[in-house]
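Trainee: Mind having a look at this structure? Questions to follow.
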Amino acid sequence: MKGYAGSILRVNLATGQISKEPTPAEMARDYLGGRGFGIYQLFKEVPKGADALGPQNKLIISTGPLSGMLIPGGGKCDWTTKSPLTGGYASASMGGHFTAEMKYAGYDSIILEGVSPKPVYLLIEDGKVQLLDAAHLWGKGAFDVEVEFKHKYGEEYQIAAIGPGGENLVLYACINHDFGRQAGRGGVGAVMGSKKLKAIVVRGTKSVEVADPEGYRKAGMALYKACKDAEGLAEWTRYGTTVVTSWCDEVGALPTRNFSAGSFEGGEKIYGQTMRKEIVITDKGCFGCPCPCGKYSHMKRYGTYVEGPEYETIGLMGSNLGIADIQAVGEANRLADDLGVDTISAGNCVAWAMECYEKGILTKEDTDGLELKFGNIEATFALIKNIAHRQGKLGNLLADGVKRAAEKIGKGSERFAIQVKGMEQSGYATHSATSMLLAYMTCDVGAHHNRAWAITYDLQVGRSLVVPEKVARVIWLQNFRPMFDVLGACRLQWVELSIDRDLYVPAMEAITGIHRTWEDMEAVGNRIWNLTRLFWMRENEDFGRSWDQPSPRFFEEPPKTGATAGQITSYEDVQRLLDMYYEQRGWDNNGLPTPATLEKLNLAQIAS
Amino acid sequence: MRLYVDSTKCSGCRACLVACSLNLFQENNPKKAALNLIPHFPAPGVYEMKVCTQCGDCAAVCPTEAIKLNERGAYYVDFDECNLCEACVPECPEDVMYVRAELANAAWKCNLCGDCVAVCGTGALWIAD
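In the order they appear, the protein sequences are chains A and B. Positions in the first sequence are counted from 1; adding 4 to them yields the working numbering. Positions in the second sequence are counted from 1; adding 246 to them yields the working numbering.
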């Protein structure tokens with residue numbers, strides 16, 4: 005198969021058995037790679053009802069046909085598993101240089117199964133694969149682990165590691181790579197920790213054959229030229245994802261004090277422009293990226309370094325905690341990365357606890373003495389550490405995510421636990437942004453933005469409209485955008501530089517030898533979307549409409565301040581959005597794919 | 247003409263390395279590239295990039311005269327005439343003369359094809375006199 009490494013590496017951590025098998029041609033045909041390979045193998049291989057942190061769950065890492073190639077941003081890999089946070093599907097996309105290395109080593113997927121009796125790391129050097137003792141690394145931060153492996157093995161090795169958060173089974177633990185890129189969401193790091201796998205170290209020296217070398221080179225160069233000629237290149241590269249911070253603040257989408265508002269009075273102090281001026285020291289690109297959004301920062305006050313903060317972290321660990329201080333946000337980011345917890349979920353959990361504290365639902369007795377008011381930087385640092393180590397009453401409570409924490413504490417705190425399906429909401433306040441709200445409600449991993457980033461569309465067409473066109477837009481984005489995660493490349497060249505997406509078509513054809521239009525690939529995206537839905541249904545007997553509901557804050561509590569003051573989406577409109585969404589998706593009124601839809605998508609067999 | 251680099255503009259993406267290996271070997275393999283990327287992380291957080299200055303020191307010591315000038319006025323390795331003796335490697339002041347027998351059966355170096363410049367999005371690389 006051209007464009008693929010050709011093999012799947014299977015590692016049983018319980019027995020230590022390591023085996024390789026050819027990548028199935030039908031899987032490549034129907035699911036293409038990356039996220040597609042992830043859900044297909046997860047659905048087939050993980051038995052119904054498996055404990056997400058038990059031996060039956062698997063952690064599946066997949067590259068795609070564009071990974072490691074001369075394609076802008078061909079450095080994305082997918083980490084799929086059953087989520088310990090949500091009990092459903094988890095898929096986290098990681099940038100950096102790991103996926104290229106993994107593909108050059110010869111693997112389209114790595115399937116990690118079983119639970120090791122003791123801490124180990126996985127060393128992959130092309131065909132030579134070993135599980136080695138990691139007792140001396142257990143308990144260490146992810147950065148230290150990476151430094152140690154870079155010294156031990158050399159710069160050509162790429163490393164993905166968990167921090168104490170993953171070891172301690174924080175349900176939203178992440179996996180770190182390249183001093184600052186993460187597979188962040190859904191608790192993939194907790195699954196790795198449950199398997200007692202501290203790190204994966206990989207080096208690959210092989211090439212990947214393509215179907216048409218000259219066509220590939222030409223198509224790849226055309227994509228690079230389009231990126232370099234793009235009008236927005238300089239601004240995007242200067243600020244990266246933080247470029248949207250000021251815009252979000254202006255339009256009322258910047259999460260502020262646990263999403264109680266969408267504009268922050270201290271916003272300017274955490275804008276991308278402030279960050280660039282005050283803390284950024286270099287741009288840091290993922291593999292093959294001509295428009296690097298990664299910013300590497302030095303926080304002089306703390307004497308520390310971090311890749312970031314990204315917009316999402318600025319929102320969730322800045323304004324959402326009432327912190328108007330970019331160095332403090334950077335330091336909170338660094339702590340979370342090194343300790344191995346997702347900044348988005350952690351930011352939500354801390355914000356929810358701060359609101360509980362200010363409302364008297366939690367007292368100093370519950371917070372282990374922390375004065376947990378919005379804006380308290382030191383308390384934020386302390387709580388992030390407590391969460392990662394499951395230390396103290398509150399740290400341990402919040403390590404299970406905001407939904408479980410609110411269920412335990414009660415007293416109305418469930419109404420302001422900002423999550424969908426148990427996953428904490430990422431960085432867009434959705435009091436009045438109906439497409440973005442629907443995107444969060446229906447996202448296949450929980451309240452995450454990247455499947456359908458519809459917030460700018462909301463502002464373009466009328467933020468509070470509840471019309472079929474908006475729903476159709478969300479569905480199109482959900483089918484199309486995740487295809488980049490399937491192909492193993494970054495979507496931001498298309499999103500941010502507006503390059504012509506049809507430039508990818510000849511590149512895909514030259515690499516794989518198969519002509520596919522974007523319509524063909526969107527059909528694959530639709531199949532994958534529905535298969536993820538089937539996974540949720542299989543793993544949760546009561547799965548349906550009730551799982552697609554947003555936080556009540558977005559239909560009960562209009563913000564008191566900022567651009568969206570007084571604005572809210574009614575509960576009835578929320579349900580109308582779902583009605584239209586289910587109908588357009590070919591799902592029943594409870595949000596379950598109908599037999600006819602499954603038949604049309606060639607999923608009837610796998611569903612049975 | 248030679249290749250220049252401003253390391254402060256490099257973001258470490260390795261696009262140049264892939265483009266280079268594709269030109270030299272028709273392979274996607276950054277380990278077979280003729281530029282040298284040295285990241286310094288987590289501190290001080292900078293990328294260092296080394297490129298060939300076309301100084302010719304490698305060619306001067308090559309016992310088989312495998313390192314020749316091409317139509318661009320750049321020194322390149324004639325793969326057929328290289329015997330992997332490694333005499334050229336220590337002569338290179340920039341550490342961008344490569345012999346790695348496990349990866350290729352000839353030495354390699356920059357031939358000034360310019361593909362690295364074409365894919366670099368941050369303007370870190372350019373060709374000039």
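The beta carbon of each residue, even a glycine, is placed where N, CA and C say it ideally should be. Remember, predicted model here, so these are calculated numbers, not experimental data.
At what residues does the alpha helix (DSSP H) containing residue 322 of chain B begin and finish?
Mentor: Taken as a continuous stretch (DSSP letters only), residue 322 of chain B belongs to no alpha helix (DSSP H), being part of the beta strand (DSSP E) at 321-323.
Trainee: Output the boundary residues of the alpha helix (DSSP H) element that contains residue 614 of chain A.
Mentor: In the structure displayed, chain A extends from 5 to 612; residue 614 of chain A sits before or after that span and is not available.
Trainee: Evaluate residue 90 of chain A with the Cβ neighbour count: other Cβ atoms within 10 Å of its Cβ, from every protein chain shown; 16 or more gives buried, anything less gives exposed.
Mentor: buried
Trainee: For a minimum of 3 consecutive residues, which ranges assigned as the beta strand (DSSP E) are wholly contained in the segment 269-339 of chain B?
Mentor: 282-286, 292-296, 313-315, 321-323
Trainee: Relative to the C-alpha of residue 427 of chain A, which candidate in A/494, A/444, A/199, A/308 has its C-alpha closest?
Mentor: A/444
Trainee: In the DSSP assignment, find the beta strand (DSSP E) that holds residue 302 of chain A and state where it starts and stops.
Mentor: 298-303
Trainee: Which term fits residue 309 of chain B, buried or exposed, when burial requires 16 or more other beta carbons within 10 angstroms of its beta carbon?
Mentor: Exposed.
Trainee: Kindly say whether residue 268 of chain B, judged by its beta-carbon, lies nearer than 8 angstroms to any beta-carbon of chain A.
Mentor: yes
Trainee: What does residue 212 of chain A touch in chain B if you count any residue whose Cβ is under 7 angstroms from its own?
Mentor: Within chain B, the residues placing a beta-carbon under 7 angstroms from that of residue 212 of chain A are 274, ordered along the chain.
Trainee: Mind pulling the chain A residues with CB within less than 7 angstroms of residue 289 of chain B?
Mentor: 309
Trainee: What does a CB cutoff of less than 8 angstroms around residue 211 of chain A pick up in its chain, not counting 5 residues either side in sequence?
Mentor: 108
Trainee: So, is the C-beta of residue 366 of chain B closer than 8 angstroms to a C-beta in chain A?
Mentor: Under the 8 angstroms criterion on CB atoms, residue 366 of chain B is classed as interfacial with respect to chain A.
Trainee: Check distances from the C-beta atoms of the segment 344-361 of chain B to those of chain A and list, in chain order, the residues that come in under 7 angstroms.
Mentor: Legend: CB atoms of the segment 344-361 of chain B lying less than 7 angstroms from CB atoms of chain A belong to residues 349.
Trainee: Give the interface partners of residue 280 of chain B over in chain A, defined as CB-CB distance under 9 angstroms, in chain order.
Mentor: In chain order: nothing, as chain A lies at least about 15 angstroms away.
Trainee: List the residues of chain B that residue 181 of chain A touches, going by C-beta distances under 8 angstroms, in chain order.
Mentor: Under the 8 angstroms cutoff, chain B gives no residues; its nearest Cβ is about 12 angstroms from residue 181 of chain A.
Trainee: Tell me the DSSP bridge mates of residue 84 of chain A?
Mentor: A/64, A/95
Trainee: Using the rule of at least 16 other Cβ atoms within 10 Å of the residue's Cβ for burial, across every protein chain shown, is residue 250 of chain B buried or exposed?
Mentor: exposed
Trainee: Assign residue 407 of chain A to one of three DSSP states: helix, strand, or coil.
Mentor: helix
Trainee: Cβ closer than 7 angstroms: which chain B residues qualify as neighbours of residue 287 of chain A?
Mentor: 257, 368
Trainee: Please decide whether residue 374 of chain B counts as near chain A, where near means a Cβ-Cβ distance under 8 angstroms.
Mentor: no
Trainee: Kindly identify the DSSP beta-bridge partner or partners of residue 614 of chain A.
Mentor: Nothing can be reported for residue 614 of chain A, as the shown portion of chain A is limited to 5 through 612.
Trainee: Whose C-beta lies closer than 7 angstroms to the C-beta of residue 370 of chain A among residues of the same chain, with five residues either side of it excluded?
Mentor: 397, 398
Trainee: Does residue 275 of chain A come out as helix, strand or coil in the three-state DSSP assignment?
Mentor: In the structure shown, the three-state DSSP call for residue 275 of chain A is coil.
Trainee: Can you tell me which residues form a DSSP beta bridge with residue 288 of chain A?
Mentor: According to DSSP, which records beta bridges pairwise, residue 288 of chain A is partnered with A/298.
Trainee: How many whole angstroms separate the CB atoms of residue 403 of chain A and residue 175 of chain A, which I take to be in contact at a CB cut-off of 8 angstroms?
Mentor: 7 angstroms
Trainee: Quick one: Cα of residue 316 of chain A to Cα of residue 327 of chain B, how far?
Mentor: 55 angstroms
Trainee: Listing by chain order, which chain B residues have their CB less than 8 angstroms from the CB of residue 151 of chain A?
Mentor: 288
Trainee: What does the alpha-carbon distance come out to for the pair residue 223 of chain A and residue 65 of chain A?
Mentor: About 27 angstroms.
Trainee: At 8 angstroms on the CB atoms, spell out the chain A contacts of residue 322 of chain B, in chain order.
Mentor: Listed by position along chain A, the residues whose Cβ is nearer than 8 angstroms to that of residue 322 of chain B form an empty set, because the closest Cβ is around 19 angstroms away.
Trainee: At the level of alpha carbons, what is the spacing between residue 478 of chain A and residue 362 of chain B?
Mentor: 38 angstroms
Trainee: Interface residues of chain B around residue 239 of chain A at Cβ under 8 angstroms?
Mentor: Simply none; closest approach about 13 angstroms.
Trainee: Only counting the same chain, and skipping five residues up and downstream in sequence, which positions put a Cβ closer than 7 angstroms to that of residue 192 of chain B?
Mentor: The structure shown does not extend to residue 192 of chain B, since chain B is modelled only from 247 through 375, so no value can be given for it.
Trainee: I'd like to know if the segment 26-44 of chain A and the segment 523-537 of chain A are in contact, where contact means that at least 3 CB-CB pairs between them fall below 8 angstroms.
Mentor: yes
Trainee: Once the 5 residues before and after residue 475 of chain A are set aside, which same chain residues still bring their CB inside 7 angstroms of it?
Mentor: Excluding sequence neighbours, residue 475 of chain A sits near 442, 581, 584, 585, 588.
Trainee: For the alpha helix (DSSP H) containing residue 181 of chain A, name the first residue and the last one.
Mentor: Unbroken run through residue 181 of chain A is the beta strand (DSSP E), 179-181; no alpha helix (DSSP H).
Trainee: Taking the runs of the beta strand (DSSP E) that are 3 residues or longer, which of them lie wholly in the segment 454-515 of chain A?
Mentor: Segments of the beta strand (DSSP E) lying fully in the segment 454-515 of chain A: there are none.
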